[in-house]
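Heads up: the sequence shown begins at 1 in full-length UniProt numbering, then just goes up one per residue. A short write-up of the structure that comes next.
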Amino acid sequence: MIAKKKIKHLEIILKVSERCNINCTYCYVFNLGNEISINSKPIISHNTIKDLRAFFEQASQEYDIETIQVDFHGGEPLMMGREKFENACNEFISGSYNKTKLNLACQTNAILIDNEWIDIFSKYNVSVGISIDGPKHINDKYRLDRKGRSTYEGTVRGLVMLQEAWNAGRLIDQPGILCVANPSVKGAEIYRHFVDVLKCKKFDFLIPDESHDTCANPDGLSDFYCSVIDEFFSDADQDVYVRYFFTHMQSMISSEFSPVMGLSKSGSDTIALTVSSEGDIYVDDTLRATNDPIFTPIGNILNLTLSETIASWQMQKYMTVNNQLPTACTDCIWKKVCGGGRHIQRYSKADDFKRESVFCPSIRKIMSRAASHLIESGISEDIIMKNLGIK
Numbered sequence: 001m002i003a004k005k006k007i008k009h010l011e012i013i014l015k016v017s018e019r020c021n022i023n024c025t026y027c028y029v030f031n032l033g034n035e036i037s038i039n040s041k042p043i044i045s046h047n048t049i050k051d052l053r054a055f056f057e058q059a060s061q062e063y064d065i066e067t068i069q070v071d072f073h074g075g076e077p078l079m080m081g082r083e084k085f086e087n088a089c090n091e092f093i094s095g096s097y098n099k100t101k102l103n104l105a106c107q108t109n110a111i112l113i114d115n116e117w118i119d120i121f122s123k124y125n126v127s128v129g130i131s132i133d134g135p136k137h138i139n140d141k142y143r144l145d146r147k148g149r150s151t152y153e154g155t156v157r158g159l160v161m162l163q164e165a166w167n168a169g170r171l172i173d174q175p176g177i178l179c180v181a182n183p184s185v186k187g188a189e190i191y192r193h194f195v196d197v198l199k200c201k202k203f204d205f206l207i208p209d210e211s212h213d214t215c216a217n218p219d220g221l222s223d224f225y226c227s228v229i230d231e232f233f234s235d236a237d238q239d240v241y242v243r244y245f246f247t248h249m250q251s252m253i254s255s256e257f258s259p260v261m262g263l264s265k266s267g268s269d270t271i272a273l274t275v276s277s278e279g280d281i282y283v284d285d286t287l288r289a290t291n292d293p294i295f296t297p298i299g300n301i302l303n304l305t306l307s308e309t310i311a312s313w314q315m316q317k318y319m320t321v322n323n324q325l326p327t328a329c330t331d332c333i334w335k336k337v338c339g340g341g342r343h344i345q346r347y348s349k350a351d352d353f354k355r356e357s358v359f360c361p362s363i364r365k366i367m368s369r370a371a372s373h374l375i376e377s378g379i380s381e382d383i384i385m386k387n388l389g390i391k
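The structure is reproduced here in structure tokens:
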């Protein structure tokens with residue numbers, strides 16, 4: 001018997017709602033020139049949910065998949081409504097996936113959160129992430145509702161309800177915050193707000209989804225992250241977890257580095273796909289902002305298998321880019337950590353995906369600052385250099 005090819009992690013960004021109740025100016029779904037969501041069904045149908053369950057069942061027959069993760073995404077996923085959301089959860093957990101573990105997650109602005117939503121998250125073990133960009137004066141610079149009003153209070157109210165549910169043992173995971181890094185502010189202020197005001201111990205700072213064609217301030221990112229790193233290492237609270245830092249620091253201190261979706265690049269055993277409300281399959285969701293042909297439908301889950309999806313020209317190109325280091329990165333000491341940057345950061349219309357990350361100067365400074373702090377904390381410089389492949 002021929003052993004099935006192993007996939008460690010299959011992640012689906014599932015567009016259950018192609019509409020949103022707020023209007024973030026940096027949103028790659030609605031405000032960066034791509035109209036796929038606007039031209040799609042506002043809410044996913046249950047038939048499409050059933051088709052995706054069948055897609056997973058077929059995939060688990062084709063491959064030895066360790067984990068399948070479904071990320072309820074949007075738009076704003078809670079605009080799907082409680083009944084349809086719960087029906088979707090029930091459909092997914094009823095599938096037959098051999099020995100594959102199924103994880104359900106949801107990324108929300110939390111404005112619609114109430115006790116009934118929390119009951120659903122509790123019942124189906126849904127991990128919940130909250131999108132907020134810091135204190136009110138920073139958050140509301142880019143994250144306003146459709147009438148130009150603040151979203152800060154509504155998001156914090158929902159976050160507090162989720163935290164209370166977590167503390168009461170009702171949620172499977174501690175609710176975490178996802179914050180888009182803002183090069184125009186000091187990250188330390190946002191760090192302290194999350195820890196001291198919002199009482200959050202688990203959060204992440206996302207590098208903006210910018211390309212060489214769109215990024216106006218590639219150097220400013222280092223000031224944001226370096227001030228956060230300094231604050232993180234000076235914080236007496238050892239329970240704070242910042243995913244971006246832990247991911248990259250792990251690669252400096254351990255040879256057993258495991259990629260993290262959304263931060264490190266996908267490998268052949270770590271696959272991320274986007275599924276629209278119509279059931280169409282795409283590559284990495286952030287690439288819609290490029291309006292490049294790579295973000296055209298691979299096919300539909302109704303009549304496509306995972307193996308056919310992986311064999312598509314879009315996925316083959318995506319994986320080729322993933323495995324090719326840009327020429328400019330060849331002699332960089334951080335190439336093992338950075339890998340040239342995520343696809344969106346490498347893109348330009350003139351050079352396709354052949355360039356190094358648009359944030360390369362900032363990433364070099366960020367990694368250098370992190371390494372310095374590790375050495376100051378007692379990690380041997382030789383260990384770091386060995387895991388970076390320098391000696």
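Backbone N, C-alpha and C define an ideal beta-carbon position, used for all residues, glycine too. In this text the structure is predicted, and so the values were computed from the model without any measurement.
In this structure, I310 is the residue among I310, D71, Q163 with its C-alpha nearest to the C-alpha of Y63. Of the residues R143, K147, H212, D173, the one whose Cα lies closest to the Cα of V180 is R143.
L273 has its alpha-carbon roughly 19 Å from the corresponding atom of K41.
Contact check between the stretch 312-329 and the stretch 167-186: fewer than three CB pairs, one atom from each, fall below 8 Å, which does not count as touching. Going by DSSP, S131 is part of the beta strand (DSSP E) stretching over 126-131.
For the pair N21 and M80, the CB atoms are not nearer than the 8 Å cut-off. Runs of the beta strand (DSSP E) lying entirely within the stretch 181-236 and spanning at least 3 residues, in chain order: 202-206.
Three or more Cβ pairs closer than 8 Å define a contact, and the stretch 145-153 falls short of that threshold against the stretch 202-209.
D219 sits exposed, since fewer than 16 C-beta atoms from the chains shown fall within 10 Å of its C-beta.
Within the model, the alpha-carbon separation for G74 versus R288 is close to 13 Å.
Across the structure, I253 and F233 are spaced so that their CA atoms are roughly 16 Å apart. A Cβ-Cβ contact shorter than 8 Å links G134 with H193. Around the beta-carbon of N139, 16 or more other beta-carbon atoms lie within 10 Å, marking it buried. For A289, the three-state secondary structure derived from DSSP is helix. Here DSSP, grouped into helix, strand and coil, assigns G154 to helix. The C-alpha of K5 lies about 19 Å from the C-alpha of I12. Taking C-alpha positions only, N323 is separated from Q345 by approximately 15 Å.
Closest option to T25, judged by alpha-carbon separation, among P208, G154, M319: P208.
Shown here, L388 sits in coil according to DSSP, grouped into three states, outside any helix or strand.
In this structure, G299 lies away from I271, with their beta-carbon atoms at least 8 Å apart. One thing to note: G169 has its Cβ no nearer than 8 Å to the Cβ of I113. When secondary structure is reduced to three states using DSSP, D140 falls in the helix class. Relative to F85, the option among S17, V197, K354 whose CA is nearest is S17. If you check the CB distance, T305 and Q58 come in under 8 Å.
For K15, the CB contacts under 8 Å within the same chain, skipping 5 residues up- and downstream, are S37, S40, I44, H73, G74, G75, T274, V275, S276, S277 in chain order. The C-beta distance from T290 to S211 rounds to 6 Å, short enough to meet the 8 Å contact threshold. Per DSSP, K335 lies in no beta strand (DSSP E) segment; the continuous alpha helix (DSSP H) that holds it begins and ends at 335-338. Distance from the Cα of I130 is smallest, within the candidate group I111, D119, K123, for I111. The criterion of a C-beta distance shorter than 8 Å is satisfied by D269 and K8. Linking I375 to V240 through their CA atoms gives a straight-line distance of about 20 Å. In this structure, DSSP gives A328 a helical state, which the three-state scheme calls helix.
For C179, the pairing in a beta bridge is given by DSSP as F205. Around the beta carbon of T286, a 10 Å sphere encloses 16 or more other beta carbons of the protein chains shown; the residue is thus reported as buried. Taking a 10 Å sphere around the C-beta of N182, we find 16 or more other C-beta atoms and assign the residue as buried. When DSSP states are grouped into helix, strand and coil, F245 belongs to the helix group.
Taking the CA atoms as reference points, L171 sits about 9 Å from Q163.
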